[in-house]
Amino acid sequence: MDPYRYICDNYKLLEQRIQGACDRACRDRSEVQLIAVSKMNPAEAVIAANDYGLNVFGENKVQELCDKIDAVDRKLHWHLIGHLQTNKVKYVIGKVDMIQSVDSLHLAEAIDKESAKAGVITPILLEINIADEGSKFGIKPDEAESFAREISEFKNVKICGLMTVAPYTLNPESNRLYFRRMKELSVDITSKNIDNISMNVLSMGMTGDFEVAIEEGATHIRVGTGLFGARNYIN
Ligand SMILES: *Cc1c(COP(=O)(O)O)cnc(C)c1O
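Per the working numbering, the very first residue in the sequence shown carries number 698; after that it's consecutive.
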């Protein structure tokens with residue numbers, strides 16, 4: 698018996714819903730990258746998910762990410778999606794394909810410095826606090842452009858786009874406006890033709906609202922619960 702069979706079942710269902718959202722938005726399925734958010738799930742669940750065809754994973758904590766990369770021991774793609782402290786940057790450089798949660802100049806500077814040391818260019822996203830929630834990390838939308846300009850000067854980081862964690866809601870439609878604003882912000886920054894940055898990535902949408910996010914232009918959706926089941930926050 699395969700104890701992780703449910704991941705396969707969830708994945709099939711999820712794929713149908715992603716395809717449905719793509720169809721409604723007249724987008725090709727290949728325009729949307731599914732990131733399997735494996736936080737709080739064991740390495741074995743990641744291995745099973747990879748056997749079912751998933752190969753891009755998201756983690757929000759540095760320690761857990763590094764431990765899991767070692768335990769899984771497969772050539773996979775990893776994205777850091779959670780808040781990153783500058784003193785921990787050195788542990789993730791060269792291990793992750795992308796740091797999605799860059800929310801300060803100070804952090805971008807640290808990523809640049811460690812990337813230079815390692816001889817790599819690290820792809821990053823700017824995390825935007827699109828609904829201006831006090832509880833959330835991320836920069837204000839109206840500061841994003843100047844932020845992008847400053848970071849564009851760094852030689853060892855590459856801005857690839859924007860990321861947001863929309864408000865928690867039971868009604869995904871209520872986030873449509875925020876996703877739309879994210880897309881507008883991305884288009885607006887693109888139009889400024891800033892050197893050394895691209896706005897190809899728009900990472901938004903989670904289990905509760907990924908379909909709306911896809912309809913509004915998400916290129917990357919980050920799904921945890923919808924694949925791996927409810928997380929157990931007790932331990
Ligand atoms: C946990 C997490 C997700 C996934 O959340 P689900 O609701 O379980 O799909 C996505 N993005 C970030 C930044 C997260 O921390």
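Every residue gets a Cβ at the ideal spot worked out from N, C-alpha and C, and that includes glycine.
Grab the span of the beta strand (DSSP E) containing residue i for me, first residue to last.
i: residue 854; result: 854-860
i: residue 818; result: Note, residue 818: premise wrong, no beta strand (DSSP E); not H, not E.
i: residue 796; result: 795-799
Sort the options by Cα distance to residue i and report the nearest one.
i: residue 925; options: 763, 851, 916 and 742; result: 742
i: residue 858; options: 739, 832, 849 and 831; result: 849
i: residue 748; options: 870, 801 and 773; result: 773
i: residue 912; options: 715, 709, 703 and 700; result: 715
i: residue 898; options: 806, 836 and 855; result: 855
i: residue 873; options: 867, 886 and 906; result: 906
i: residue 801; options: 729, 725 and 823; result: 823
i: residue 927; options: 725, 734 and 726; result: 734
i: residue 705; options: 745, 902 and 768; result: 745
i: residue 814; options: 788, 828 and 834; result: 788
i: residue 722; options: 922, 920 and 910; result: 910
i: residue 879; options: 782, 903 and 826; result: 826
i: residue 766; options: 792, 893 and 710; result: 792
i: residue 847; options: 703, 700 and 803; result: 803
If you follow the alpha helix (DSSP H) that residue i is part of, which residue opens it and which one closes it?
i: residue 803; result: 802-815
i: residue 879; result: 873-887
i: residue 702; result: 702-721
i: residue 846; result: 841-848
i: residue 747; result: 740-748
i: residue 911; result: 907-912
i: residue 925; result: 922-925
i: residue 786; result: 786-789
Within 10 Å of its beta-carbon, does residue i have 16 or more other beta-carbons around it, so buried, or fewer, so exposed?
i: residue 916; result: buried
i: residue 698; result: exposed
i: residue 816; result: exposed
i: residue 932; result: Low confidence applies here, because residue 932 scores a pLDDT of 48, under 50, leaving its location unreliable and the question unanswered by this model.
i: residue 889; result: exposed
i: residue 884; result: exposed
i: residue 757; result: buried
i: residue 852; result: exposed
i: residue 726; result: exposed
i: residue 682; result: Outside the displayed span of the chain (698 to 932) sits residue 682, for which this structure offers no information.
i: residue 718; result: buried
i: residue 835; result: buried
i: residue 768; result: exposed
i: residue 867; result: exposed
i: residue 914; result: buried
Run through DSSP, which three-state label would residue i get?
i: residue 836; result: strand
i: residue 778; result: coil
i: residue 766; result: helix
i: residue 900; result: strand
i: residue 756; result: strand
i: residue 919; result: strand
i: residue 830; result: coil
i: residue 727; result: helix
i: residue 932; result: Caution is warranted here: a pLDDT of 48 is assigned to residue 932, below 50, making its placement in the model unreliable, and the coordinate value is therefore given only provisionally. In this structure, residue 932 counts as coil in the three-state DSSP scheme.
At least three beta-carbon pairs within less than 8 Å, the segment 728-742 to the segment 858-868: Contact between the segment 728-742 and the segment 858-868 is absent, because fewer than three Cβ pairs lie under 8 Å.
Cβ pair count under 8 Å reaching 3, the segment 778-785 against the segment 793-813: The segment 778-785 and the segment 793-813 touch, with no fewer than 3 CB-CB distances between them shorter than 8 Å.
Segment contact, 8 Å Cβ cut-off, at least three pairs: the segment 803-821 with the segment 831-841: No, because fewer than three Cβ pairs between the segment 803-821 and the segment 831-841 fall closer than 8 Å, the two stretches do not touch.
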